[in-house]
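In the working numbering, the protein residues as written are 5 to 150.
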Ligand code: RB5
């Protein structure tokens, strides 16, 4: 399984720590930048990562900015992308079970490393429940004109 990961400068340090932590994991991280703490624009990195998922170069994505908010907004403008800002362990599981989220989003300045690892582990190991949720997911790509 491939997991694309990208951040702006506000998420750079957390991204590097995650790359290190998951070096020997069962999945492979594909690092799409940014490459330093120099100021960049989060929509550019959301775009790179969403294209990687939509082009099937990765199965899931991880996006990080300072709060996780801006990069969530940017990612969710892409049809077929369901990016969830994981603010608890419970929402990390529910984002997969109910929303079939394909991108986990974190705040590099608002979450601890331990919180992020716990939530990402849960996100990547939880299945979509389908059933009634499938109908709702399908409507996401019908409404809104994205
Ligand atoms: C960058 O300073 C900051 O605005 C960005 O990382 C993010 O938090 C935006 O939502």
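Positions of the beta carbon are idealized from the N, C-alpha and C atoms, including for glycine. Owing to the predicted nature of the structure, the values given are computational and were not obtained by experimental measurement.
(message) For residue 44, which residues in the same chain have their Cβ closer than 6 angstroms to its Cβ, ignoring the five residues on either side in sequence?
(response) 12, 13, 38
(message) Shorter than 8 angstroms, the distance from the beta carbon of residue 43 to the closest heavy atom of the ligand RB5, or not?
(response) It does: the Cβ of residue 43 is within 8 angstroms (strictly closer) of some heavy atom of the ligand RB5.
(request) State whether the region 119 to 138 contacts the region 78 to 85, with contact taken as three or more CB pairs (one from each stretch) at a distance under 8 angstroms. (result) no
(request) Return the first residue and the last residue of the beta strand (DSSP E) that residue 87 is part of. (result) 87 to 89
(message) If I measure Cβ to Cβ from residue 5 and keep anything under 6 angstroms in the same chain, skipping five residues before and after, which residues do I get?
(response) Cβ-Cβ distances below 6 angstroms link residue 5 to 31, 63 in the same chain, with the five nearest sequence neighbours on each side left out; the list follows chain order.
(message) What residue range does the alpha helix (DSSP H) around residue 109 cover?
(response) That residue, residue 109, is in no alpha helix (DSSP H); its beta strand (DSSP E) goes 107 to 111.
(request) Could you check what DSSP says for residue 36 in three-state terms: helix, strand or coil? (result) coil
(request) Taking only heavy atoms of the ligand RB5 into account, decide whether any of them is closer than 8 angstroms to the Cβ of residue 141. (result) No, since every heavy atom of the ligand RB5 falls outside the 8 angstroms radius drawn around the Cβ of residue 141.
(message) Considering just the uninterrupted stretch of the alpha helix (DSSP H) at residue 134, what are its terminal residues?
(response) First-last for residue 134: undefined, no H or E at that position.
(request) Give the range of the beta strand (DSSP E) segment to which residue 6 is assigned. (result) First-last of the beta strand (DSSP E) with residue 6: 6 to 11.
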